[in-house]
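Numbering (UniProt numbering), first residue to last: 1 to 298.
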């Protein structure tokens, strides 16, 4: 019950955060040089046509009036209408969001797998390397040279999704696993020198039981927090990996929308990213409390 109450409190606290983010994004996106109407019209952008389209899009209204209109629609669950895609923003995000979630889940799974202490060379090699370079190298080696995995796209079936997410997931994992391993190793060194571990060894308990039954759980507490924080960070950075592997996720959609000065879509995607970050942090806090009974949820 205490976990449910804690989650509800955090969700309520999310409301002013989202309002603040919507305010900042709304005005910052309008500082980008370029007129959405002129961008949409392209070679047909005559002064009269631009003025007419700006009026249709409501861009001639004062900024404060545009924000209040956006906020009013947002409170009704309406994220607006995309200039570029000529479609409701909510529908666009609903179509592309599962791809980004698949990417984050696959990256997390591969991170945990790679973070096994048996595998040392791979995570150390990945430390400090940019995601776009790792992605390109994986495409060249495992996609083009060996032909083991697809190099672009998401596929249409579950099997195709799983197959297509191997290289993007590993790309994320190679950038995240070194951080997790360093945290886990440091925690394990600290825990293994604790008095209760020494006492457990003195009682004749086997090393494997001491490590797996006592040390690993306590050492994993800080590592779970590190993993959660970095996953939250990567949530906003998936656009790089999506770009490299041509994945139709919201990161790729964000880039296209920025280039097209598609204000409503950029605002909607930014809010979704903010919600994802808060949700990941919330789940991290709950997992931390579940692993460490000394932590109290308030």
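Idealized CB from N, CA, C, for every residue including glycine. Keep in mind it's a predicted model, so treat the numbers as computed, not measured.
- Residue 88 is bridged by DSSP to 81.
- The alpha-carbon separation between residue 134 and residue 94 amounts to approximately 29 Å.
- Counting the other Cβ atoms within 10 Å of the Cβ of residue 131 gives 16 or more, which makes it buried.
- Going by beta carbons, residue 63 and residue 23 fall outside the 8 Å limit.
- DSSP places residue 48 in the uninterrupted alpha helix (DSSP H) bounded by 47-57.
- DSSP places residue 246 in the coil class of the three-state scheme, outside both helix and strand.
- If you look at residue 136, you'll find it in the alpha helix (DSSP H) that goes 131-138.
- In the three-state reduction of the DSSP assignment, residue 70 falls in the helix class.
- Between residue 67 and residue 262, the CB-CB gap reaches or exceeds 8 Å.
- Pairing residue 169 with residue 110 gives a Cβ-Cβ distance under 8 Å.
- Under the three-state reduction of DSSP output, residue 146 falls in the coil class, being neither helix nor strand.
- Where residue 36 is concerned, the enclosing alpha helix (DSSP H) starts and stops at 36-41.
- Secondary structure at residue 109: helix, using DSSP grouped into helix, strand and coil.
- Counting the other Cβ atoms within 10 Å of the Cβ of residue 252 gives 16 or more, which makes it buried.
- By the Cβ-count criterion, residue 105 is exposed, with fewer than 16 other Cβ atoms from all chains shown falling within 10 Å of its own Cβ.
- Contact between the region 136-156 and the region 72-91 is absent: fewer than 3 CB-CB pairs across the two stretches fall below 8 Å.
- With contacts defined by Cβ atoms closer than 8 Å, residue 100 and residue 250 form a contacting pair.
- Restricted to the region 153-191, the alpha helix (DSSP H) segments that are unbroken, complete and at least 4 residues in length are 158-164, listed in chain order.
- Around the Cβ of residue 42, a 10 Å sphere holds fewer than 16 other Cβ atoms; the residue is exposed.
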